[in-house]
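Report on the structure given below.
Residue numbers (full-length UniProt numbering): 1 to 271.
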């Protein structure tokens, strides 16, 4: 069973939170206090990240290349383990890709979806295969110098915070095989042709200063997913929920409360 953590009341509405590549379930900590008021929150780790040992269908040697579909199967296994026939889902970056796959292929399981700094296609595969090869050769510590500038609009300030430092430590300690397998899953992912099949109410959050997944990717998601709302968070890069936690938390709560989300910067999907 993938490493995960449960928080919130046992009778709360089931909510699964997916992390981004290179982070752990810790990346959602700023949102947990608000989300656990009415939700039973399940946070999980990607293979080789946080408390998750490399193994299982996503990265097993005899299972072939890792895929987002394989990661999504791990999520469904967690939901089944806890007896959740349906659940709300929110994911950051790769975690959002997992949610997109679930909404396309298992719509009966997802009651609502939030895609935070995510994309239907994460760019040319060659770059991801190169990163996978680099990490297998030199480990994830080789990524530490460049990562703060991708994760944060204000890297010097954020890396000086307790949470920022913890997330960078998570990256440094990630298992190279698991991280590389997730890179290969990202490389093979392309949900653009299937976005119109998503009928789940969807919130799309973009960091206005995200160099890893620029806001144009969020616009593409919003144009493809009819029942979507697009929120752009000023002053935030890739880990918008860490850098601007209040804005992301309010947008998530608005999705589930049925209110108009704040900080929309005048943008709504479909665009």
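We put the CB at the ideal spot given by N, CA and C, even for glycine.
Counting only runs of at least 4 residues, the region 190-240 fully encloses the following alpha helix (DSSP H) elements, listed from N- to C-terminal order: 215-224. Comparing alpha carbon positions, the residue from 11, 12, 7, 20 closest to residue 174 is 20. Taking C-alpha positions only, residue 28 is separated from residue 17 by approximately 8 Å. Residue 161 carries a coil assignment under DSSP once its states are collapsed to helix, strand and coil. Nearest neighbour of residue 253 by Cα position, chosen from 90, 195, 226, turns out to be 90.
Remark: C-beta atoms of residue 75 and residue 102 approach each other more closely than 9 Å. With distances taken between CA atoms, residue 106 lies nearest to 77 out of 118, 134, 77. Sixteen is the threshold: when 16 or more other Cβ atoms of the shown chains lie within 10 Å of the Cβ of residue 97, as they do, the residue is buried. CA-CA distance, residue 186 to residue 45, rounds to 16 Å. Shown here, residue 101 sits in a helix according to DSSP, grouped into three states.
In its chain, beyond the 5 residues on either side, 40 have a beta carbon closer than 8 Å to the beta carbon of residue 10. DSSP, read as helix, strand or coil, puts residue 76 in helix. Inclusion of residue 220 and residue 154 in the CB contact set at 9 Å is not warranted, their separation being larger than that value.
Excluding the 5 residues flanking it on each side, residue 125 has same chain C-beta neighbours closer than 6 Å at 187, in chain order. Secondary structure note for residue 86: it is in no beta strand (DSSP E), with a DSSP letter that is neither H nor E.
Between the alpha carbons of residue 34 and residue 249 lies a gap of roughly 7 Å. Taking 8 Å as the upper bound for CB-CB distance, residue 204 and residue 230 are in contact here, some 5 Å apart. DSSP places residue 249 in the uninterrupted alpha helix (DSSP H) bounded by 245-257. One alpha carbon belongs to residue 49, the other to residue 159, and they sit about 19 Å apart.
Shown here, residue 112 sits in a strand according to DSSP, grouped into three states. When DSSP assignments are scanned along the region 30-57, the uninterrupted stretches of beta strand (DSSP E) that are 3 or more residues long and fall wholly within it turn out to be 39-44.
Beyond the five residues adjoining it in sequence on each side, residue 4 comes within less than 8 Å, by CB distance, of 25, 42, 43, 44, 45, 78 in the same chain, given in chain order. The residues 190, 192, in chain order, have a CB closer than 6 Å to that of residue 121 in the same chain once the five nearest residues on each side in sequence are set aside.
Residue 81 counts as exposed, since fewer than 16 other C-beta atoms from the protein chains shown sit within 10 angstroms of its C-beta.
Residue 152 holds the alpha-carbon nearest to the alpha-carbon of residue 213 among 162, 152, 200. Going by beta carbons, residue 228 and residue 236 fall outside the 9 Å limit. Between the alpha carbons of residue 178 and residue 47 lies a distance of about 5 Å. As a beta-bridge residue in DSSP terms, residue 17 pairs with 43, 90.
Beta bridge pairing from DSSP links residue 138 with no other residue.
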